[in-house]
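Trainee:
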Amino acid sequence: MTSTIQLYNDMKPKLERLKLNIESALTHTIGEAAIPLFSVESRIKDDESLTDKIETKRYASPLDQVEDLCGLRVICYYQEDISKICEIVEREFNILKKEDKRTTLNEDQFGYTSCHYIVQLRDDWLIHPGARGLDGLKAEIQIRTMLMHAWAAISHKLLYKSKKDVPPQIKRKLNRLSALMELADEQFDLIKSIKSKITHDILHAQDIENSEPELSTDSLVAIWRKYCPEREFQDSDASELLEEIRLAGYDFKDLIGNIERCSPIMLNLEQEEAAGTDENLPMWTFGGFIRTILDLTSNTYYETRNRPGEIDELTQRYRARIKPL
0 MTSTIQLYND
10 MKPKLERLKL
20 NIESALTHTI
30 GEAAIPLFSV
40 ESRIKDDESL
50 TDKIETKRYA
60 SPLDQVEDLC
70 GLRVICYYQE
80 DISKICEIVE
90 REFNILKKED
100 KRTTLNEDQF
110 GYTSCHYIVQ
120 LRDDWLIHPG
130 ARGLDGLKAE
140 IQIRTMLMHA
150 WAAISHKLLY
160 KSKKDVPPQI
170 KRKLNRLSAL
180 MELADEQFDL
190 IKSIKSKITH
200 DILHAQDIEN
210 SEPELSTDSL
220 VAIWRKYCPE
230 REFQDSDASE
240 LLEEIRLAGY
250 DFKDLIGNIE
260 RCSPIMLNLE
270 QEEAAGTDEN
280 LPMWTFGGFI
290 RTILDLTSNT
300 YYETRNRPGE
310 IDELTQRYRA
320 RIKPL
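Mapping of the sequence shown onto numbering that gives the first Met the number 0: position 90 corresponds to residue 89, and the numbering continues sequentially without gaps.
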């Protein structure tokens with residue numbers, strides 16, 4: 000066993016490089032596909048864990064047979080994104096094994112449901128300097144939702160990895176909990192689908208100004224996509240931005256009408272505001288774009304943003320150029 004661990008320690012620098020290559024590729028390619036992620040986790044199996052596995056499985060050639068010396072876990076928000084991430088993994092790596100845990104549990108079984116891959120780097124990847132010498136090395140990639148991850152973490156903490164390990168008095172509670180978490184995963188997917196439909200319906204309305212949806216984060220997303228998709232949309236700013244729009248006294252129809260009124264002057268105003276700074280255009284985020292429109296069109300909002308008697312000459316000059324309602 001000592002000689003095996005020594006050989007394993009000699010392998011670790013290569014395994015660390017393998018881990019970094021795969022983690023970077025997953026983060027980049029999933030980001031390119033605009034799939035929201037909770038995290039990408041990675042680790043190299045520690046000596047104690049490897050020793051335990053060898054003693055349990057009684058491998059003849061452990062460093063060849065243990066396939067998760069390098070392990071990565073992709074944690075996403077929605078079940079529907081698992082299949083998309085699986086497609087990316089299958090496109091970017093050589094797949095040695097695939098196991099879809101979702102298809103291996105009976106209807107009365109509990110457990111986490113995720114997709115597991117054993118992969119190697121493709122030959123065309125191995126010619127790059129950062130990947131040289133990594134041929135033949137394997138890594139495990141697991142793909143699961145946050146709720147699947149929570150289930151796996153909690154059941155691991157309880158020391159229940161297999162159904163046969165569970166005392167009868169606890170088994171029913173775990174089965175019920177597993178069903179609830181599966182239902183929650185499905186409901187989150189459904190809510191996401193409803194939100195997407197709201198945004199789609201607003202965007203494709205024949206007359207967006209008179210479609211009269213509720214003013215919400217979903218309608219804000221539709222406005223962003225229609226009027227200024229080149230600007231950064233900050234999710235964390237959406238709630239505060241909605242409150243400011245309401246402070247200005249606007250509903251959805253009012254906001255759209257004032258965006259249309261201000262559109263002819265917005266580029267010139269932004270250019271003047273950026274003059275003499277190191278900022279590149281577009282300088283405003285979507286939130287900055289909307290707040291500028293509120294400044295230009297709502298006296299109530301403008302007065303809350305400026306101290307009494309203070310005059311923003313640039314804003315005042317552009318306010319005078321807006322066509323009246």
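Ideal Cβ positions, reconstructed from N, Cα and C, are used throughout, including at glycine.
(1) When the Cα of THR299 is compared with those of ILE321, PHE288, ILE244, which residue comes out closest?
(2) What first and last residue would you give for the beta strand (DSSP E) that runs through ASN396?
(3) Take ILE258 as the anchor and find which of LEU268, ARG230, TYR226 has the nearest alpha-carbon.
(4) Assuming ILE201 contacts SER218 (C-beta within less than 8 Å), just tell me the rounded distance between them.
(5) Is the CB-CB distance between CYS261 and THR296 below 8 Å?
(6) At which residues does the beta strand (DSSP E) containing CYS75 begin and terminate?
(7) Going straight from the alpha carbon of GLU40 to that of ALA152, what length do you get?
(8) Suppose the cutoff is 6 Å on Cβ atoms and the five residues either side in sequence are ignored; what does the same chain contact list for SER38 look like?
(9) Drop a sphere of 10 angstroms on the beta-carbon of THR276, count the other beta-carbons inside from all chains shown, and report buried for 16 or more, exposed for fewer.
(10) Evaluate LEU182 with the Cβ neighbour count: other Cβ atoms within 10 Å of its Cβ, from every protein chain shown; 16 or more gives buried, anything less gives exposed.
(11) For the alpha helix (DSSP H) holding LEU25, just list the boundary residues, first then last.
(12) Is DSSP giving HIS127 helix, strand or coil here?
(13) Starting from PHE37, follow the beta strand (DSSP E) in both directions and report where the run begins and ends.
Mentor: With the structure as the only source:
(1) Numbered from its first residue, the sequence shown carries residue 299 at position 300. That would be ILE244, whose Cα lies nearest to the Cα of THR299.
(2) Residue coverage of the chain in this structure runs from 0 to 324, which leaves residue 396 outside it and unanswerable.
(3) Residue numbering aside, residue 258 sits at position 259 when the sequence shown is read from its first letter. Nearest option by C-alpha distance: TYR226.
(4) Locating residue 201 in the sequence shown gives position 202, counting from the first residue. Locating residue 218 in the sequence shown gives position 219, counting from the first residue. The Cβ separation is near 6 Å, so the contact holds.
(5) Counted from its first residue, the sequence shown places residue 261 at position 262. Counted from its first residue, the sequence shown places residue 296 at position 297. Contact flag set, yes.
(6) For the purposes of this step, residue 75 is identified with residue 76 of the sequence shown, where counting begins at 1. 69-75 is the extent of the beta strand (DSSP E) around CYS75.
(7) Taking the sequence shown and counting its residues from 1, the one referred to as residue 40 is at position 41. Taking the sequence shown and counting its residues from 1, the one referred to as residue 152 is at position 153. Going from the Cα of GLU40 to the Cα of ALA152 covers about 13 Å.
(8) By one-based count along the sequence shown, residue 38 stands at place 39. Closer than 6 Å at Cβ, skipping near neighbours: ILE74.
(9) Within the sequence shown, residue 276 is the residue found at index 277, counting from 1. Classification of THR276: exposed, given that the 10 Å Cβ count is below 16.
(10) Translated into the one-based positions of the sequence shown, residue 182 becomes position 183. By the neighbour-count rule (16 or more Cβ atoms within 10 Å), LEU182 is not buried but exposed.
(11) As a working mapping, residue 25 is identified with position 26 in the sequence shown. Segment 1-31, the alpha helix (DSSP H) holding LEU25.
(12) Mapped onto the sequence shown, residue 127 falls at position 128. DSSP places HIS127 in coil when its eight states are reduced to three.
(13) Taking the first residue of the sequence shown as 1, we reach residue 37 at position 38. Element bounds for PHE37: 36-43.
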